[in-house]
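Asker: If you read the sequence shown in my numbering, its first letter stands for residue 261, the second for the next number, and so on. Ideal Cβ positions, reconstructed from N, Cα and C, are used throughout, including at glycine.
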Amino acid sequence: MRDIAIIGGGLVGLCAGLVLQHSGRRVSIVEAGNLEQSRSDGLNARSIALSASSVQIFKALGIWRQIETQAAPIRHIHVSSRGRWGVTRLQAEDYQLDALGYVIESHALGRYLLDAVDSSNNIKLEQTAEFESIAQDAAVTIGYRKNKRRQKLQAKLALIADGANSKARAALGIRHQNFDYGQAVVISNVEVSQPKADTAYERFTPQGPLAMLPLGGKRYACVWTLAPEQASTACAGDDAEFSAALQDCFGFRLGLIERVGKRFSIPIQRTRADALHCGRCLLIGNAANALHPVAGQSFNLSLRDIACLHELLCENNLAELDDELSQIAHDYERLRAGEQRRVIRYGDGLVTTFSNELPVLDHLRAAGLSLLDLVPALKTQAAFAGMGMTFGGNRLLRGRL
Ligand SMILES: Cc1cc2nc3c(=O)[nH]c(=O)nc-3n(C[C@H](O)[C@H](O)[C@H](O)COP(=O)(O)OP(=O)(O)OC[C@H]3O[C@@H](n4cnc5c(N)ncnc54)[C@H](O)[C@@H]3O)c2cc1C
261 MRDIAIIGGG LVGLCAGLVL QHSGRRVSIV EAGNLEQSRS DGLNARSIAL SASSVQIFKA
321 LGIWRQIETQ AAPIRHIHVS SRGRWGVTRL QAEDYQLDAL GYVIESHALG RYLLDAVDSS
381 NNIKLEQTAE FESIAQDAAV TIGYRKNKRR QKLQAKLALI ADGANSKARA ALGIRHQNFD
441 YGQAVVISNV EVSQPKADTA YERFTPQGPL AMLPLGGKRY ACVWTLAPEQ ASTACAGDDA
501 EFSAALQDCF GFRLGLIERV GKRFSIPIQR TRADALHCGR CLLIGNAANA LHPVAGQSFN
561 LSLRDIACLH ELLCENNLAE LDDELSQIAH DYERLRAGEQ RRVIRYGDGL VTTFSNELPV
621 LDHLRAAGLS LLDLVPALKT QAAFAGMGMT FGGNRLLRGR L
């Protein structure tokens with residue numbers, strides 16, 4: 261019998277394993293894919309923005325130093341609205357921080373997590389193992405198929421981390437809601453002629469926000485919200501057409517857009533589970549909340565969910581907690597639901613308020629941005645929301661296990 265079983269070894273499942281294996285807990289991860297195959301794809305690689313709260317958690321896990329070698333810091337954020345006078349600037353030094361956040365290629369982050377999992381004696385990672393069934397009474401029994409053979413795993417607690425289309429969530433009978441924003445986001449890496457060190461840009465346009473995140477050197481990750489048909493056109497056109505359209509929208513703050521990588525278009529939608537627990541099973545990551553990528557919050561939010569769970573389980577042996585596990589599951593849902601709702605609202609606000617062509621909203625947007633620059637308290641609130649620091653702390657968020 262394992263202490264904890266995790267279904268899904270994506271970024272969130274691996275992080276949960278690394279956090280919860282502490283204090284000698286035995287963790288098993290059941291992952292359908294082969295994680296060793298993940299590798300860099302040059303200018304076409306996908307990236308993820310890490311908030312200050314995520315950095316704290318990686319520090320507590322003792323893996324931040326390795327991750328940092330591949331992560332580009334964001335020390336300045338420049339926010340503007342296309343065709344309007346409102347501009348706001350956030351600076352890390354104003355908050356006595358080394359950086360407001362970091363950007364890293366997802367495959368590099370995954371590689372470091374996988375190395376840490378491999379070097380832990382407490383984690384057993386089953387790859388190419390496809391989840392099939394779940395049953396629970398005094399323990400959770402998970403059925404999976406590996407090498408065409410059916411296998412079983414028993415644990416006191418199970419974490420469901422198999423993504424937005426979670427099969428395990430469905431097997432538990434937990435329903436979910438999908439919300440489609442009727443927009444799409446185009447993701448592409450670009451190289452510019454005049455990079456600005458450690459500076460990220462967020463530009464609001466009538467179609468939606470455009471973010472340029474520094475990847476180091478001349479490279480930036482572009483996340484551009486457009487109407488679905490515009491996104492299809494942007495992806496279908498050649499590199500020169502895409503560069504010209506992006507340059508027209510973003511302007512020349514970074515000089516010329518010299519090279520562009522492959523374009524991917526993703527519909528902007530979010531998925532939210534109706535409940536975060538069922539008996540001894542808890543939902544984390546995209547299985548619980550898959551937010552749209554524009555706000556860059558899903559992974560960061562999931563890490564804070566894991567930090568909360570770690571706090572609830574504390575350093576106790578799960579055997580000693582057996583009677584309290586269902587109370588812990590309830591507490592996890594109660595404690596996390598509020599922040600999850602707030603982050604969803606924040607993301608919704610970014611897409612809807614800043615993607616609306618009503619003239620009155622246009623003025624409010626501009627006024628809002630300038631106001632933000634002038635009123636430090638408001639700016640601090642916005643910066644801290646982006647960094648995931650608004651909603652209180654726990655041991656992991658203070659950098660301690
Ligand atoms: C373009 C884009 C940009 C983003 N940028 C950011 C950002 O800047 N900051 C941020 O915080 N978030 C960002 N996100 C969100 C972030 O990528 C996700 O929140 C995070 O990757 C979710 O991880 P997960 O492990 O929960 O789910 P997934 O990544 O979906 O992983 C699920 C895992 O479960 C496995 N699995 C699935 N089914 C089964 C099964 N039946 N049996 C066993 N295993 C199974 C899969 O193989 C997979 O490994 C972005 C998302 C996108 C799309």
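Near D403, what residues of its chain come up, given a Cβ to Cβ distance below 6 Å and the 5 sequence neighbours on each side ignored?
Answerer: Here residue 403 corresponds to residue number 143 of the sequence shown, with the count starting at 1. The question names Asp, but residue 403 in the sequence shown is Gly. Taken in chain order, the residues that qualify are E392, S393 and K412.
Asker: Taking C-beta to C-beta, are P488 and A444 nearer than 8 Å?
Answerer: Looking up residue 488 in the sequence shown gives position 228. Looking up residue 444 in the sequence shown gives position 184. Yes; because the gap between Cβ atoms is below 8 Å, this pair is in contact.
Asker: Could you please give the first and the last residue of the uninterrupted alpha helix (DSSP H) stretch that includes I327?
Answerer: Locating residue 327 in the sequence shown gives position 67, counting from the first residue. Here the alpha helix (DSSP H) through I327 covers W324 to E328.
Asker: Going by C-alpha to C-alpha distance, which of P553, S586 and E571 sits closest to I604?
Answerer: Numbered from its first residue, the sequence shown carries residue 604 at position 344. The option with the nearest alpha carbon to I604 is P553.
Asker: Determine the closest residue to L542 out of E328, V347, G433 and F439, with distance taken between C-alpha atoms.
Answerer: Within the sequence shown, the letter at position 282 stands for residue 542. Out of E328, V347, G433 and F439, G433 has the C-alpha closest to the C-alpha of L542.
Asker: When you compare the stretch 360-372 with the stretch 305-319, are there three or more beta-carbon pairs, one atom per stretch, that lie closer than 8 Å?
Answerer: With the cut-off at 8 Å, the stretch 360-372 and the stretch 305-319 touch.
Asker: Using 8 Å for Cβ pairs, my map puts T388 next to N294. What's the rounded Cβ distance?
Answerer: What you label residue 388 is simply residue 128 of the sequence shown in a count that begins at 1. What you label residue 294 is simply residue 34 of the sequence shown in a count that begins at 1. With a Cβ gap of about 6 Å, T388 and N294 count as contacting.
Asker: Take A415 as the anchor and find which of A276, I264 and A597 has the nearest alpha-carbon.
Answerer: Residue 415 sits at position 155 when you count from the first residue of the sequence shown. The shortest Cα separation from A415 among A276, I264 and A597 belongs to I264.
Asker: State buried or exposed for L634, treating a residue as buried only when at least 16 other CB atoms are found within 10 Å of its CB.
Answerer: Indexing the sequence shown from 1 puts residue 634 at position 374. Interpretation of L634 is limited by its pLDDT of 49, a score under 50 that renders its predicted location unreliable; the figure taken from the coordinates is listed afterwards. Classification for L634: exposed.
Asker: Taking the Cβ atom as the reference point for each residue, do L661 and H282 lie within a distance shorter than 8 Å?
Answerer: Looking up residue 661 in the sequence shown gives position 401. Looking up residue 282 in the sequence shown gives position 22. Contact flag set, yes.
Asker: If you draw a straight line from the C-alpha of A398 to the C-alpha of Q587, how long is it?
Answerer: Position 138 of the sequence shown, counted from the first residue, corresponds to residue 398. Position 327 of the sequence shown, counted from the first residue, corresponds to residue 587. When rounded, the distance between both Cα atoms is 15 Å.
Asker: With 16 as the cutoff for other CB atoms within 10 Å, does G268 come out buried or exposed?
Answerer: Here residue 268 is taken as the residue at index 8 of the sequence shown, counted from 1. Buried.
Asker: The beta strand (DSSP E) spanning T531 covers which residue range?
Answerer: Mapped onto the sequence shown, residue 531 falls at position 271. From DSSP, the beta strand (DSSP E) with T531 extends over F524 to A533.
Asker: Quick test of the definition: if touching needs 3 or more C-beta pairs under 8 Å, does the stretch 472-485 touch the stretch 330-344?
Answerer: The stretch 472-485 is in contact with the stretch 330-344.
Asker: For L543, which of helix, strand or coil comes out of DSSP?
Answerer: To locate residue 543, count along the sequence shown from 1; it is residue 283. Strand.
Asker: Thinking just about the alpha-carbon of each residue, which of N549, F512 and I528 is nearest to the one in Q437?
Answerer: Locating residue 437 in the sequence shown gives position 177, counting from the first residue. Ranking the options by Cα distance to Q437, first place goes to N549.
Asker: Evaluate contact between the stretch 528-537 and the stretch 507-519, counting only Cβ atoms and requiring at least three cross-stretch pairs below 8 Å.
Answerer: Short answer: they don't touch.
Asker: Looking only at its chain, what residues have a beta carbon closer than 6 Å to the beta carbon of L274, apart from the 5 residues adjacent to it on each side?
Answerer: Counted from its first residue, the sequence shown places residue 274 at position 14. Here the set comprises L373 and V377.
Asker: I'd like the ranges of any beta strand (DSSP E) spanning at least 3 consecutive residues and lying wholly in the stretch 355-401.
Answerer: Whole beta strand (DSSP E) segments, 3+ residues: 361-365, 383-386 and 389-396.
Asker: Within the present structure, is the beta-carbon of Q297 separated from the nearest heavy atom of ligand 1 by less than 7 Å?
Answerer: Numbered from 1 along the sequence shown, position 37 holds the residue referred to as residue 297. No.
Asker: Just to check, is the beta-carbon of K427 closer than 7 Å to a non-hydrogen atom of ligand 1?
Answerer: Here residue 427 refers to the residue found at position 167 of the sequence shown. Yes - ligand 1 has a heavy atom lying nearer than 7 Å to the Cβ of K427.
Asker: Is DSSP giving K319 helix, strand or coil here?
Answerer: On the sequence shown, position 59 is the one that residue 319 refers to. Three-state result, K319: helix.
Asker: Hey, out of D375, A309, R285 and E296, whose CA is closest to G556's CA?
Answerer: What you label residue 556 is simply residue 296 of the sequence shown in a count that begins at 1. Taking only the C-alpha atoms, the option nearest G556 is A309.
Asker: Taking 7 Å as the cut-off, is the C-beta of S558 nearer than that to any heavy atom in ligand 1?
Answerer: Counting from one through the sequence shown, the residue named residue 558 turns up at place 298. Yes, ligand 1 has a heavy atom inside 7 Å of this Cβ.
Asker: Taking G521 and V450 to be in contact with their CB atoms under 8 Å, please state how far apart those CB atoms are, rounded to whole angstroms.
Answerer: Taking the sequence shown and counting its residues from 1, the one referred to as residue 521 is at position 261. Taking the sequence shown and counting its residues from 1, the one referred to as residue 450 is at position 190. That belief holds up - the Cβ atoms of G521 and V450 are roughly 7 Å apart, short of 8 Å.
Asker: My output table needs one value for A574: the three-state DSSP class, helix, strand or coil.
Answerer: On the sequence shown, residue 574 is found 314 positions in, with the first residue counted as 1. In the sequence as displayed, the identity of residue 574 is Cys instead of Ala. Of the three classes helix, strand and coil, the one that applies to C574 here is coil, per DSSP.
Asker: Mapping DSSP to helix, strand and coil, what is F512?
Answerer: As a position in the sequence shown, residue 512 is number 252, starting the count at 1. Of the three classes helix, strand and coil, the one that applies to F512 here is coil, per DSSP.
Asker: CB N382 to CB R285, shorter than 8 Å?
Answerer: Here the question's residue 382 lines up with position 122 in the sequence shown. Here the question's residue 285 lines up with position 25 in the sequence shown. Taking 8 Å as the Cβ cut-off, N382 and R285 qualify as a contacting pair.
Asker: For S562 versus V279, is the C-beta spacing smaller than 8 Å?
Answerer: Position 302 of the sequence shown holds residue 562. Position 19 of the sequence shown holds residue 279. Going by C-beta atoms, S562 is not nearer than 8 Å to V279.
Asker: Would you give the residue range spanned by the alpha helix (DSSP H) that Q490 belongs to?
Answerer: Position 230 of the sequence shown, counting from 1, holds the residue named residue 490. P488 to A496 is the span of the alpha helix (DSSP H), which, as asked, contains Q490.
Asker: Mind checking which residues open and close the alpha helix (DSSP H) that includes G277?
Answerer: Residue mapping note: residue 277 aligns to position 17 of the sequence shown, counting from 1. Segment L271 to L280, the alpha helix (DSSP H) holding G277.
Asker: For A597, count neighbouring C-beta atoms within 10 Å of its own C-beta (all shown protein chains included) and say buried if the count is 16 or more, exposed if not.
Answerer: The count along the sequence shown starts at 1 and reaches residue 597 at position 337. Exposed.
Asker: Considering only residues of the same chain and omitting the five flanking positions on each side of G659, which have a CB-CB separation below 6 Å?
Answerer: Position 399 of the sequence shown, counted from the first residue, corresponds to residue 659. Answer for G659: Q316, K319 and A320, listed in chain order.
Asker: Per DSSP, V520 forms a beta bridge with which residues?
Answerer: On the sequence shown, position 260 is the one that residue 520 refers to. Answer is V450.
Asker: Name the DSSP bridge partner or partners of E353?
Answerer: As a working note, residue 353 is residue 93 in the sequence shown. According to DSSP, which records beta bridges pairwise, E353 is partnered with nothing at all.
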